Amino acid sequence: MKKYSVPALLTTFALCTVVAAYFEIIDLYVQTIIMFIGVNIILSSSFNIINGYMGEFACGHAGFMAVGAYVTSILNVMFFTSSKTFGDPIFSPELALWFFPVTMIIGGVAAAITGLLVAIPSFKTRDDYLAIITLAANFIIVSLFINMDSLGGARGFMGMKQIVFAMEDVAFLPWMLIWTFVFTYFVVFLIRRFVSSTYGKGIIAIHQDEIAAEIMSVNTNKMKLVAFMFSSGLAGIAGGLFAHILGYINPNSFNILKSTECLVMVYLGGMGSLSGSIIAAILFTLLIEMLRFIIPAADTLIHLIPLVPDTFHLSQVLKWVIIPLILVILMQFRPEGIMGNRELSDFFPKLKKYYEFK
Amino acid sequence: MALLKIEGLSQMFGGLTAVSDFKTEFQGNELMGLIGPNGAGKTTVFNIVSGFYKPTQGQIIFKDRAINGLKPHKVTGMGVARTFQNIRLWHDMSLLDNILISQHYNLGYNLFDLFTRNKRYIENEKRMKHIAMQLLEQLDLIQFIDERPKNLPYGIQRKIEIARALSVKPSLLLLDEPAAGLNSSDIQDLIKLIRWIHKEFDIAIWMIEHQMAVVMSLCSWIQVIDFGKTIAQGTPEEIQSNPAVIKAYLGDDKI
Amino acid sequence: MLDSIIQNLFNALQWGSFYSLIALGYTLVYGVLRLINFAHGDIFMVGAYIAYFIAIFLFKGSLSLSGGLTLALVIPLTMILTAMFGVTLERIAYRPLRRKGANRLYVVITALMCGLILENGNLAFLGASRKSFPELIDKVVYNFGMISMTNLKIGVIISSIIVYFILNAIISKTKIGMAMRAISYDKFAIPLMGIPIDTIIVFTFILGSSLAGLAGILFAMSYPILDPFMGAIIGWKAFIAAVVGGIGDIKGAFVGGFLLGIVEILVVAVFPSTFRDLIAFSILLIILVIKPTGLFGVAKSTKI
């Protein structure tokens, strides 16, 4: 019974959301927020493998996301739509629905292979030197896409909306919402299985004492390779989803700022806590969306004070002042993040009675 | 055939010779000591044997295979386990995890099994947990199974580190100053523990130790090094009366 | 051909000077605190804005001083104010965390967040309209054959070199400089030796931030358009330059900054300018892979 409680709960939630979306009880905006929460959960929990469990300080996660986004988008656009870049579809557009997971996974694999770019230097380097390598890798990947004129260069790449339409032609359902649920669950389960196994705990051992790990028969180089490739592959999956939710991508949406968002979510949630990452991703996405409404409201509010000049307005930019400020203040009071390195069931031991999450 | 045979081992760091022309031999299950003043190169010898340094010169044959230049995890997988001068446990993981992770040499499943949680994965995880529990039971550590090592007393931490080393089923156990930082009653327990391990597991033990009481009461054969060179070897009685050893430890008395 | 190479090299030296000045600040703070002060690029931005406001006030305002006199006042005032700004940041954001013994990475993240606050706070309150820095000194162009140099560019290069030698003297000759180096070896022994660790850290931030302030003035004079994000990219890049030189090492930061400047300018001279980041970072990545501790960095051996 315990074994099925979490999957049952999650499936019910997903089904309710999809049904609500189908009957237009929740509008497109709410759906988009839910989908972005999913993407952010994938990003933060996969980044947590490196920055939390393994304790490295990588800061180029968005680069791998970009690889996944581009590869998946290119494959889908090439195979299933007629576009200026690639000409007529190679396969019938109806197949898009069935091959979507395949192209997503290919995107993930491509991102995982790009992960080698940082995995191999990590054998010899740690700490801040590795941070720079990941940072440089992020810069390199983004400017590589900027320089690929056939893929739109800095203007970006589009046509993914066509894929979504093609899927809707097969059956009129909110497909991207469904795929987001499927992939988010899939990723979280994979990570959970990885870090709770004896094999996966090897990366925690590397975090706590690399020399001891090596001497106690952990193949540290191989573990690092696996961890980096796993993490960047999952980021690639997040990228593929992101591209199809938005319908277009451009290289600059995967720059350092995006990587910074990933960092914020990981450290907000707590290093080495999967539930922390998920909570942080949800809070972070909701906060950004809430500020979209709070800032104009606050703006009208302060103009009730006669002293405030009419020309002065609170802009949406303040969002990026308020969020870092919250994080800075949080760090002062709870420097280990929301969850530290513990999981939900460590905080509420009674929960263990009701679920078993493996 | 000898278990471990080291010949002509030398290690240079830049211009400094840390170990020169070191040799030793383990037949089967001896308990040997390696002593010498601070900075004599004792830990360097252990670091070479366990694979952290690649020796400048020399041969290390373990179970008929040259292991010099092999990565530490490979060496450990072949049956050489060690402990450290300053305890190196994974302080923020439970004791059980500390022992379990040391089973990496013998996981018995791959990533595919892990992600699908198939029968092979479950059986191997069970097997490893069984090994760990059995070992903790044997060493009387079972009551700390869920504790994190950082919360346990120093003496227990030492014992855990030895337990962790034993969990890879070694045929040679290297102990680097196991008595460092222990008080006299802990030391008595340690001596008993090492003697018991030596008998119970029937393995070769090679220890570096400054506490003469420990070395003299445990080891059957002692090798003394100073400035990387072997200056004496023999039984505890021979070493105690060896003038070269006394000179290395206490200095020349002709001042 | 040779002329154009020399011309490019000269431009590269000027461009590298900015990287060097900022990289020096990174490396100073890193050497003492082992903290990547990600807000440092934005301290540079703040320095440029402070210089702008002072210059406008003195030059264009009711005082309307002469350009030369304004510059003579702008430089020390900006350096002092930027230094105060840097110290305040340390005081309110980093020090409490350090006192609590928080994980080093959390301090780094705090620094990153402070950088974002500065950039976006500036954008939100000063508006998106770009500020243009007044021309304080007349531009003089010297021509040597095909090579042209301006007094400003020469000034930038010379100031960065002078700053390096002054800094080097402070680090290696003075007592406080020795204490700074000592902290990087063993931060636990320092308080035990009776050296006030907080004083040293404040001094480090004063040095680093005033250099960023100086870089801000020089940058604003050379490229007189200011915008809130000017410090972000140049800051990240200067940090990379510091690491390539070997972070924590003054000489490394200085050389690394010039190296990055030269690589960038030469890449642009040969390839389309969009290739600049791609090739420059690939080269730096290769350097780091070959020599993981940077050009002048020393590998720290861990005792087993």
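Residue numbers (my numbering), protein chains in the order written: chain A, 838 to 1195; chain B, 11 to 265; chain C, 539 to 842. Don't be surprised by glycine CBs; every beta carbon is placed ideally from N, CA and C. No experiment lies behind these values; they were computed from the predicted model shown.
- Less than 8 Å divides the Cβ of C:Ile735 from the Cβ of C:Pro729.
- Annotation for C:Leu615: Ile592 place their beta carbon closer than 6 Å to its own, counting only its chain and skipping 5 residues before and after.
- Here B:Met217 is bridged, per DSSP, to B:Gly43, B:Leu185.
- At a cut-off of 4 residues, the continuous stretches assigned as alpha helix (DSSP H) that sit fully inside the region 139–219 of chain B are 164–176, 194–211.
- As the crow flies, the alpha-carbon of B:Ser30 is around 19 Å from that of B:Met217.
- Here the region 1066–1081 of chain A makes contact with the region 937–947 of chain A; the two share three or more CB pairs at distances below 8 Å.
- Using beta-carbon distances, A:Gln1169 counts as an interface residue toward chain C, with a partner under 8 Å.
- Between A:Thr1122 and A:Asn877, the alpha-carbon positions lie close to 8 Å from each other.
- A:Gln868 and A:Leu1014 have their C-alpha atoms some 7 Å from each other.
- Taking a cut-off of 8 Å for Cβ pairs, the region 651–671 of chain C and the region 1170–1182 of chain A do not touch, as fewer than three such pairs fall below it.
- The count of Cβ pairs closer than 8 Å, one atom from the region 1127–1136 of chain A and one from the region 13–21 of chain B, stays below three, leaving the stretches out of contact.
- Taking C-alpha positions only, C:Phe595 is separated from C:Asn546 by approximately 36 Å.
- Residue contact with chain B for A:Leu1027: present (Cβ-Cβ distance below 8 Å to some residue of chain B).
- By the Cβ rule, the region 94–113 of chain B counts as touching the region 1036–1049 of chain A, because three or more pairs are nearer than 8 Å.
- With the rule of 3 Cβ pairs closer than 8 Å, the region 550–563 of chain C counts as touching the region 681–700 of chain C.
- It is roughly 6 Å from the alpha-carbon of B:Gly61 to the alpha-carbon of B:Leu80.
- Excluding sequence positions up to five before and after C:Asp787, its CB lies within less than 7 Å of the CB of Thr565, Phe834, Gly835, all in the same chain and listed in chain order.
- The beta carbons of C:Phe819 and C:Val567 sit no closer together than 8 Å.
- Within chain A, not a single residue places a beta-carbon under 8 Å from that of C:Thr565; the smallest gap is close to 11 Å.
- For A:Ala973, at least one C-beta of chain C is nearer than 8 Å to its own C-beta.
- Per DSSP, reduced to three states, the secondary structure at B:Tyr63 is coil, with no helix or strand assignment.
- Chain order gives no chain C residues near A:Phe994, where near means a beta carbon separation below 8 Å; the closest approach is about 16 Å.
- Secondary structure at C:Ala779: helix, using DSSP grouped into helix, strand and coil.
- Using beta-carbon distances, B:His114 counts as an interface residue toward chain A, with a partner under 8 Å.
- A distance below 8 Å between beta-carbons, with the five flanking residues on each side excluded, links A:Phe1184 to the following residues of its chain, in chain order: Met1176.
- In terms of Cα proximity to C:Ser698, the closest of C:Lys638, C:Gly599, C:Ile560 is C:Ile560.
- Assigned with DSSP and collapsed to three states, A:Tyr1036 falls in coil, not helix or strand.
- For the set A:Ser1182, A:Val1165, A:Lys1190, the Cα lying nearest the Cα of C:Tyr632 is the one of A:Val1165.
- Rounded to the nearest angstrom, the Cβ distance from A:Ala1003 to A:Phe917 is 6 Å, consistent with a contact under 8 Å.
- Around the C-beta of C:Phe757, 16 or more other C-beta atoms lie within 10 Å, and the residue is accordingly described as buried.
- Around A:Tyr1104, the same chain offers Gly1174 as residues with beta carbons nearer than 7 Å, after the five sequence neighbours per side are excluded.
- The beta carbon of B:Glu171 lies closer than 8 Å to those of Thr93, Phe94, Ile97, Arg98, Leu99 in the same chain, with the five residues before and after it left out.
- In the structure shown, A:Ile957 falls within a coil segment according to DSSP collapsed to helix, strand and coil.
- Here B:Asp74 is exposed. Its C-beta has fewer than 16 other C-beta atoms within 10 Å.
- Using a Cβ distance threshold of 8 Å, B:Val90 and B:Pro180 count as a contacting pair.
- With a minimum length of 4 residues, the unbroken runs of alpha helix (DSSP H) contained wholly in the region 720–748 of chain C fall at 727–730.
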